[in-house]
Structures are given as C-alpha cells and as structure tokens.
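Asker:
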Amino acid sequence: MRLVNARVQNYRSIEDSGEIVFENDVTCLVGKNESGKTAVLQALHLLNPLNPIKGKKTYDEVMDYPSRHSSAYKRSKVKEGPANVLTATFRLDDGEFEAIERDFGAGVLQRREVIVTKGYGSGISYDLPRHEEVAVAHKVSALQLPADTAKVAAGSETFADLLDILSKVEEPHSTVKELIAEIEGWRDQNLARHIIDDYLHPWLPRFFYFDDYNVMKGDVSIPNLREKQNNGTLTPADQTFLSLLATVNADLDDLENNSYEAMMRELEGAANGITDDVMRFWSQNKDLEVFIDVAPADPSDEPPLNTGPVVHVRIRNQRHRVTVPFDERSRGFVWFFSFFAYFSNIEVDENRATIILLDEPGLNLHATAQGDFLRFIQDRLADEQNHQVIYSTHSPFLIQPNRIDRVRTVQDVDNKGTKVSSEVYTTDSETLFPLQGALGYDLAQTLFVGPNCLLVEGPSDLLYLQLLSQACEAKGRSTLDDRWTVTPVGGADKLSTFVSLIGANQLNVAVLMDSNSKDRARVATLQQNGRLASDALILVSEVAGQADADLEDLFTDSFYLDLVNGAYKTKIKVGDLTAKGGRIVARVEKHFQEHRIAGGALNHYKPSAYLLREQVTLLPKLSDTTLVKASALFDRINALIC
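Numbers 1 to 642, taken from our numbering, label the letters of the sequence shown in order.
1. Give me the Cβ distance between residue 324 and residue 220, rounded to the nearest whole Å; I'm assuming they're in contact under 8 Å.
2. Give the DSSP-derived three-state secondary structure of residue 22 in the structure shown.
3. Can you look up residue 317 in the DSSP assignment and give me helix, strand or coil?
4. Where residue 13 and residue 72 are concerned, what is the direct C-alpha to C-alpha distance, given to the nearest angstrom?
5. Could you tell me if residue 641 is buried or exposed, where buried requires 16 or more neighbouring beta carbons within 10 angstroms of its beta carbon?
6. Is the closest heavy atom of the ligand NAD to the C-beta of residue 170 under 6 Å?
7. For residue 563, collect the residues of the same chain with a Cβ closer than 7 Å to its Cβ; drop the 5 residues on either side in sequence, then sort them by chain order.
8. DSSP on residue 312, reduced to helix/strand/coil?
9. So, for residue 16: in the same chain, excluding its five sequence neighbours on each side, which residues have a beta-carbon less than 6 Å away from its beta-carbon?
10. Report all residues from its chain with a CB closer than 8 Å to the CB of residue 169; omit the five preceding and five following residues, and keep chain order.
11. Go through its chain and collect everything with a Cβ distance to residue 376's Cβ below 7 Å, but skip five positions before and after it.
12. Which residues in the same chain as residue 236 place their Cβ atom closer than 6 Å to its Cβ, once the five residues preceding and following it in sequence are excluded?
13. Take residue 290 and list the residues in its own chain whose beta-carbon comes closer than 8 Å to its own, dropping the five residues that flank it on each side.
14. Would you kindly work out how many angstroms separate the C-alpha atoms of residue 105 and residue 599, rounded to a whole number?
15. Does the region 184 to 192 come within contact of the region 31 to 41, defined as at least 3 CB pairs closer than 8 Å?
16. By alpha-carbon positions, which one of 420, 583, 126 ends up nearest to residue 19?
17. Roughly how far, in whole angstroms, is the beta-carbon of residue 108 from the beta-carbon of residue 101, given that I think they are within contact range, below 8 Å?
18. Out of 181, 353, 77, point me to the one whose CA is closest to residue 200's CA.
19. In this structure, what does DSSP give as the bridge partners for residue 456?
20. From this set, 509, 299, 61, which residue's C-alpha is nearest residue 483's C-alpha?
21. Go to residue 156, then tell me how far its alpha helix (DSSP H) extends in each direction, as first and last residue.
22. What are the start and end residues of each continuous beta strand (DSSP E) run of 3 or more residues lying completely inside the region 255 to 302, in chain order?
23. Rounding to the nearest angstrom, what Cα-Cα distance links residue 359 and residue 227 in this structure?
24. Where do the N-terminal and C-terminal ends of the beta strand (DSSP E) with residue 88 fall, by residue?
25. Mind listing, in chain order, the continuous alpha helix (DSSP H) runs of no fewer than 4 residues lying wholly within the region 42 to 76?
26. Hey, which unbroken runs of the alpha helix (DSSP H) at 4 residues or more fall wholly within the region 384 to 410?
27. What whole-angstrom Cβ distance do residue 333 and residue 288 have, given they're in contact under 8 Å?
28. On the premise that residue 390 lies in contact with residue 44, defined as a C-beta separation below 8 Å, what is that separation, rounded to the nearest angstrom?
29. Report yes or no: do the region 243 to 250 and the region 383 to 397 share at least 3 C-beta pairs separated by less than 8 Å?
30. On the DSSP bridge list, what partners appear for residue 116?
31. With distances taken between CB atoms, is the gap from residue 388 to residue 25 smaller than 7 Å?
32. Report yes or no: do the region 52 to 66 and the region 449 to 465 share at least 3 C-beta pairs separated by less than 8 Å?
33. Do residue 592 and residue 602 have their beta-carbon atoms positioned less than 7 Å apart in this structure?
34. With respect to the beta strand (DSSP E) encompassing residue 605, which residues constitute its N-terminal and C-terminal limits?
35. Given a cut-off of 7 Å on the beta-carbon distance, is the pair residue 630 and residue 472 in contact?
36. Below 7 Å between beta carbons: does that hold for residue 120 and residue 66?
Right under this line is the structure:
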C-alpha cells in the first residue's frame with residue numbers, strides 16, 4: 001500500500017490541513033518555524049507508528065485537540081462522538097490487488113484506493129468499496145453442491161445468505177464444510193471485516209519518525225540507562241544508542257558482563273559498518289570514523305556519568321589523528337550516524353511498506369552537506385530501499401529547484417490554523433522564503449555553467465521558451481539550441497546588473513526581452529558601454545509582428561486566454577477585452593483591474609505554469625502562426641552561439 005494523499009483535522013495547530021498530496025517518492029514540507037510542519041508529521045506518524053515517541057501510539061484529545069476549540073468539542077462529542085484526526089488514502093500495489101482478486105474473484109474491488117481513518121478514542125477504520133456478490137460467486141464456483149442448492153447458492157449476494165444456505169445442506173461435501181469453517185472464522189462472519197483483518201491491516205504501512213531528539217549522546221551511563229529502561233522513561237537519544245547495540249545483538253547486560261575485548265570488537269565492527277554506509281553520502285570529510293570505548297565511571301563527573309560503566313562514543317579524525325566527543329563536533333556527521341544506527345535496527349516487515357518521516361533533518365549540515373543529504377534521501381531511502389520519504393524544512397538548501405513538484409507549503413493562517421498546499425506560489429512571502437532561496441542559489445550556480453548565457457526577464461519566459469521549443473521540435477521546426485543556459489533575472493530593471501556580472505566572466509551573453517519603449521531604454525546603455533554586443537539584444541517584436549510585444553504575443557489571443565482561464569478558473573473571451581490592440585498581457589491586466597479578478601493583478605507566471613502542467617493537451621493546439629514566429633525567434637537567438 002502506498003500513501004496517495006492525507007487530510008489532518010483537529011490536531012494541535014491544525015483545524016483542517018486540506019488535502020495533502022503525496023504523488024512522489026519524496027515530499028518536502030516547507031514552512032517557517034511554528035507553522036505546523038511537526039504537527040503534520042506527528043499526525044501521520046500516529047496512524048501506525050513504527051517507533052512510538054515516548055510510547056505514544058494514539059491521539060490524545062486532552063493534549064492534542066486544538067485548545068481554542070476544546071470547550072466546544074467537549075459538548076459536541078457527546079452527540080457526534082470522538083473527532084477524526086487523520087484521513088489517508090492508500091493505493092494497493094499490483095501484488096496486493098491481485099492477492100485479493102485471487103482469493104475473492106476478479107472484479108471484487110471497485111477501486112484500488114483504500115481510505116483509512118483514525119481519530120480520538122477510536123481504532124483505525126477502513127473504507128474499501130467491494131462487490132460482495134462477486135466474492136460469493138467466486139467461492140460458490142469451487143463448491144460441490146447438489147444442482148438445486150448450487151442454483152440457489154449462486155444467486156446469493158451476501159455471505160450471510162450463503163452461510164444460511166450451506167448450513168442446511170445434508171451430508172455436505174468437504175468443500176462446503178471448509179467454506180463454512182472459513183466464513184465462521186471471519187470476524188462477525190463479515191467479508192469486509194475479514195479483508196481488513198487479514199489483508200489491509202497487515203499491509204498498512206508503518207511510519208518511522210526521526211528528529212534531532214533522536215541524535216545519540218556521546219557518553220552513556222549504563223546503570224542510568226538501565227534504570228530509565230526499567231522505568232519506561234527512555235529518551236529518543238537513548239533508543240538510538242540501544243539500536244546501535246542491537247545491530248550486534250548486544251544489550252546492556254553484555255556491556256557489563258561480557259569480555260571487554262569481545263564486546264569492543266563487536267561494537268567497533270558495527271560502528272565501522274555504519275560509518276562506511278554514512279560515507280557513501282558524506283562528502284565533507286572522508287577521514288572521519290567512529291570509535292567506541294567502555295570505561296569505569298569517574299566519581300567526580302556530573303550525574304549520571306559518575307556511575308558506570310560508561311560507554312564513550314567518539315569521532316576520530318584520521319587526518320589530524322585526534323578524537324573528539326561524539327556529540328560535540330561535526331553535528332552533521334553525528335546526525336547521519338545516529339539515523340543509520342537507529343534505522344538499521346528497525347524490524348523489517350516484508351509484507352508492508354515503511355514511510356519515513358524526517359522532522360527538520362540536517363539543521364547543522366553545511367549547505368553542500370545538505371546536498372549530500374538530499375542525495376541520501378533519493379538514492380538510498382527512495383530508490384534503493386523503495387521507501388516513501390516525507391521531510392520538513394525551512395532551509396533553502398534542502399529544496400531541489402528542479403523538483404518543485406515535491407514541495408508542499410505549510411502555513412499557519414489566522415483563525416484557520418495550519419494549511420498545507422501544493423500551490424507553492426500562492427502563499428505568504430515568509431513561507432516562500434526557503435523556496436525563493438533555493439531558486440536563487442540554483443540560479444547563482446547555473447549562471448556560469450556553459451559559455452552561452454541567455455538572459456530573460458522572468459520564469460514565465462523560461463517556461464514559454466522551453467515549451468515552444470518542444471512544440472517546434474515535434475513539428476520539425478527550429479528549436480532553441482541546447483547549449484544556451486537560460487536564466488530568468490526577475491525583471492528588465494535587473495538586466496544591467498546581470499549582464500555586468502556575467503560579462504566579467506568572459507561568457508557569451510544574449511538578452512531576450514519584451515519590446516516596449518521603457519524597457520528598451522534601460523538596456524541601451526549596456527550596448528553603448530560595450531557590456532553587450534550590438535546584436536546580442538533580442539526583442540520579441542522582431543518576430544511578433546507588432547511594435548510592442550511580449551513572449552505571450554507569439555500566441556494567438558484566444559490561446560493565451562485559454563491559459564489565463566485555465567490558471568484562474570475564469571471564462572474571459574477575446575471580445576470581453578476593452579483594449580482592442582497592443583500587448584495581450586497588458587489587455588488582460590486591464591480586464592483584471594476593471595473586474596477585480598485576483599485582486600486586480602495578473603500573475604504572469606500562473607498562465608505559463610498552467611501550460612506546463614497541461615502541455616500534453618495544449619501544445620498540439622498551438623497555431624502554425626505561433627510556431628513560425630517561435631522558430632524565427634530561435635533562429636535569431638541561435639545565430640549568437642559561440
């Protein structure tokens with residue numbers, strides 16, 4: 001079963017998250033501090049926790065129900081019952097779907113999606129629409145019955161009816177006895193409950209949660225750890241240390257009673273194995289390794305380290321030939337090691353998936369090390385081990401600019417609580433900051449990749465160029481040369497700064513800009529002072545057939561309005577535009593202002609994003625006139641390739 005979407009309600013800062021879509025192997029929850037990212041992850045975790053946090057396995061309405069509505073909830077619960085917290089949709093994989101159809105007949109399931117719900121004071125409920133009559137017919141087909149009984153049994157639509165019929169058969173065949181025993185073994189002799197008990201519940205994915213509190217300590221007092229273990233007060237960090245022991249089938253008794261040399265050999269082997277695993281994804285310093293020792297306690301140390309024996313975990317830097325306490329240096333490496341130590345001892349269940357929840361991982365990692373972490377998530381957890389991964393962050397370096405489809409924004413909205421959205425560009429600026437930072441960092445990294453740099457004004461221009469090139473290629477026309485690095489700069493007013501910056505690196509720079517008189521004046525000085533070659537300024541008007549033109553004017557008016565209508569759910573027609581000539585964007589902007597659509601402001605990016613999303617349907621509808629103009633533009637740009 002694979003998580004498809006979820007909805008969290010009535011949990012801490014979340015009144016109703018809205019639908020959260022998990023369409024990828026990896027999903028990134030982005031939001032500022034205290035926005036509710038942790039609440040989302042913990043609500044998911046408690047559906048079926050693999051590593052319960054402090055033993056917690058259910059939602060607690062006293063601690064978890066949104067406090068500002070708790071009084072009203074106490075009154076409503078009397079009539080309506082406990083509130084739901086999580087509604088999640090899972091999709092059966094091929095093997096699971098085939099197993100149910102093999103046992104109950106082809107067509108017994110109405111769909112592959114299972115809706116799972118869990119709330120306060122209740123267990124887990126499942127909704128899987130089914131055709132019980134199909135299952136009855138499938139079971140009857142394997143029975144040996146008298147002809148008249150077989151005919152009646154074949155007309156049964158429920159197993160209750162079938163069981164009543166079979167119980168009246170005189171001298172029943174063994175196949176009949178076996179089926180009666182099977183049905184009577186089901187909970188309440190109910191097909192739905194049987195499928196839940198024997199199929200769905202054993203397949204329900206488990207959720208593994210990991211945060212900074214799980215990071216292992218460098219010094220551990222064995223008597224103190226044993227006391228917390230007996231009292232049920234182990235911390236997440238303690239659990240991580242115990243997981244490290246478990247990787248070599250050791251426990252606390254072994255540390256106190258076993259041969260020192262044998263125990264050290266086992267622990268060093270485990271530490272070396274985990275370190276080797278970490279080093280596959282740790283590019284910062286390849287000279288690190290983990291060193292473990294067990295020694296008597298020093299009575300002068302602070303409790304609980306004044307009682308022993310005490311396990312000391314240290315990091316050895318082979319380059320400098322020194323060791324440092326595990327939890328005092330190289331926090332990023334410590335996080336990686338702790339995660340591997342904990343996760344490597346998680347009991348594997350081959351019959352169900354594990355969904356990994358990482359809360360603000362790698363906060364202490366350097367920016368480039370966060371890139372290592374992203375590679376670790378994709379290569380190790382998602383691709384190699386086939387886990388779904390959901391992680392939260394407010395770091396721009398933990399967002400992949402080329403995988404914005406993975407991002408879900410998390411925002412605490414006044415009087416509405418935490419909201420989660422796939423529409424990453426429709427939230428507030430503070431929530432968007434990590435995403436903007438990621439795009440800016442990626443831009444800075446790509447500015448100097450390759451000798452040919454084409455500057456455009458905004459991200460919508462980048463999308464239009466890519467999609468038009470794709471459409472032209474499908475028709476055998478000229479396309480944009482792959483050697484161009486297309487870079488949106490965020491507006492015509494920033495072009496001079498970028499041209500100056502890139503020109504200092506002796507790159508071939510060309511500028512494609514919308515052609516209106518105000519913007520043309522801004523870049524004229526670039527050509528006058530030699531920063532930009534005389535032919536390297538390309539105006540859209542050169543191919544658009546009108547004096548003032550944007551890239552959007554390569555489209556027919558009706559096609560661009562289709563994009564606007566699709567993006568904004570409007571029904572604007574060409575005849576509705578009061579301005580009858582000039583740039584189509586300016587005319588639509590005027591219409592938005594006149595009718596107060598979207599607050600009177602047209603977001604240039606949204607129509608281009610809609611075209612990107614619906615390209616399979618929309619690109620074939622581009623007119624020949626549009627493709628001719630686009631091809632001419634690409635020929636003009638490509639002529640400047642060095």
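Positions of the beta carbon are idealized from the N, C-alpha and C atoms, including for glycine.
Answerer: Quick answer:
1. As a position in the sequence shown, residue 324 is number 324, starting the count at 1. As a position in the sequence shown, residue 220 is number 220, starting the count at 1. The Cβ separation is near 17 Å, so there is no contact.
2. For the purposes of this step, residue 22 is taken as the residue at position 22 of the sequence shown. DSSP places residue 22 in the coil class of the three-state scheme, outside both helix and strand.
3. Mapped onto the sequence shown, residue 317 falls at position 317. The three-state reading of DSSP puts residue 317 in strand, counting E and B together.
4. As a working note, residue 13 is residue 13 in the sequence shown. As a working note, residue 72 is residue 72 in the sequence shown. Going by the C-alpha atoms only, they are around 16 Å apart.
5. The residue labelled residue 641 in the question sits at position 641 within the sequence shown. Looking at its Cβ environment, which holds fewer than 16 other Cβ atoms inside 10 Å, residue 641 is exposed.
6. Of ligands this structure carries none, so the ligand NAD is not represented either.
7. As a working mapping, residue 563 is identified with position 563 in the sequence shown. Result list for residue 563: 607, 610, 611, in chain order.
8. As a working mapping, residue 312 is identified with position 312 in the sequence shown. The answer is strand: DSSP assigns residue 312 an E or B state.
9. Here residue 16 is taken as the residue at index 16 of the sequence shown, counted from 1. By the criterion of a C-beta distance shorter than 6 Å, residue 16 is surrounded in its chain by 9, once the five residues flanking it on both sides are discounted.
10. On the sequence shown, residue 169 is found 169 positions in, with the first residue counted as 1. Closer than 8 Å at the Cβ level, and outside the excluded window around residue 169, lie 145, 146, 149, 176.
11. One-based indexing of the sequence shown puts residue 376 at position 376. Once the five neighbours on either side are set aside, the close Cβ partners of residue 376 are 281.
12. One-based indexing of the sequence shown puts residue 236 at position 236. Leaving aside the five residues that flank residue 236 on each side, the residues in its chain whose CB is nearer than 6 Å to its CB run, in chain order, 213, 214.
13. The residue you call residue 290 lines up with position 290 of the sequence shown. Once the five neighbours on either side are set aside, the close Cβ partners of residue 290 are 271, 272, 274, 275, 313, 314, 315, 316, 326, 337.
14. For this step, residue 105 is matched to residue 105 along the sequence shown. For this step, residue 599 is matched to residue 599 along the sequence shown. Rounded to whole angstroms, residue 105 to residue 599 spans 55 Å at the Cα level.
15. Segments in contact, no.
16. Within the sequence shown, the letter at position 19 stands for residue 19. Minimum Cα distance to residue 19 is reached at 420.
17. Position 108 of the sequence shown, counted from the start, is the residue given in the question as residue 108. Position 101 of the sequence shown, counted from the start, is the residue given in the question as residue 101. Going by Cβ atoms, the distance from residue 108 to residue 101 rounds to 6 Å, so yes, they are a contact pair.
18. Position 200 of the sequence shown, counting from 1, holds the residue named residue 200. Out of 181, 353, 77, 353 has the C-alpha closest to the C-alpha of residue 200.
19. Counted from its first residue, the sequence shown places residue 456 at position 456. Residue 456 is bridged to 488.
20. Locating residue 483 in the sequence shown gives position 483, where the first residue counts as 1. 509 is the residue among 509, 299, 61 whose C-alpha sits nearest the C-alpha of residue 483.
21. Position 156 of the sequence shown holds residue 156. First-last for residue 156: undefined, no H or E at that position.
22. Positions of the beta strand (DSSP E) runs, each at least 3 residues long and wholly inside the region 255 to 302, are given as 288 to 295 in order along the chain.
23. The residue you call residue 359 lines up with position 359 of the sequence shown. The residue you call residue 227 lines up with position 227 of the sequence shown. Spanning the two alpha carbons is a distance of roughly 28 Å.
24. As a working note, residue 88 is residue 88 in the sequence shown. Unbroken beta strand (DSSP E) run through residue 88: 84 to 91.
25. Here the runs fully enclosed are 61 to 64.
26. Within the region 384 to 410, there are no complete alpha helix (DSSP H) runs of at least 4 residues.
27. The sequence position of residue 333 within the sequence shown is 333, counting from 1. The sequence position of residue 288 within the sequence shown is 288, counting from 1. Confirmed, Cβ separation roughly 6 Å.
28. On the sequence shown, residue 44 is found 44 positions in, with the first residue counted as 1. On the sequence shown, residue 390 is found 390 positions in, with the first residue counted as 1. About 7 Å separates the two Cβ atoms, so the contact holds.
29. No: fewer than three Cβ pairs fall under 8 Å.
30. Counted from its first residue, the sequence shown places residue 116 at position 116. Residue pairing for residue 116: DSSP places it in a beta bridge opposite 88, 126.
31. Start at 1 with the first residue of the sequence shown, and residue 388 comes out as number 388. Start at 1 with the first residue of the sequence shown, and residue 25 comes out as number 25. With respect to the 7 Å criterion, residue 388 and residue 25 are classified as neighbours on the basis of their beta carbons.
32. No: the two stretches stay apart, fewer than three of their Cβ pairs being nearer than 8 Å.
33. Residue numbering aside, residue 602 sits at position 602 when the sequence shown is read from its first letter. Residue numbering aside, residue 592 sits at position 592 when the sequence shown is read from its first letter. Yes, they are a contact pair.
34. On the sequence shown, residue 605 is found 605 positions in, with the first residue counted as 1. Counting along the chain, residue 605 falls outside any beta strand (DSSP E), though it belongs to the alpha helix (DSSP H) covering 605 to 613.
35. Counting from 1 along the sequence shown, the entry for residue 630 is found at position 630. Counting from 1 along the sequence shown, the entry for residue 472 is found at position 472. With contacts defined by Cβ atoms closer than 7 Å, residue 630 and residue 472 form a contacting pair.
36. Along the sequence shown, read from residue 1 onward, the residue named residue 120 stands at position 120. Along the sequence shown, read from residue 1 onward, the residue named residue 66 stands at position 66. Not a contact, by the Cβ cut-off of 7 Å.
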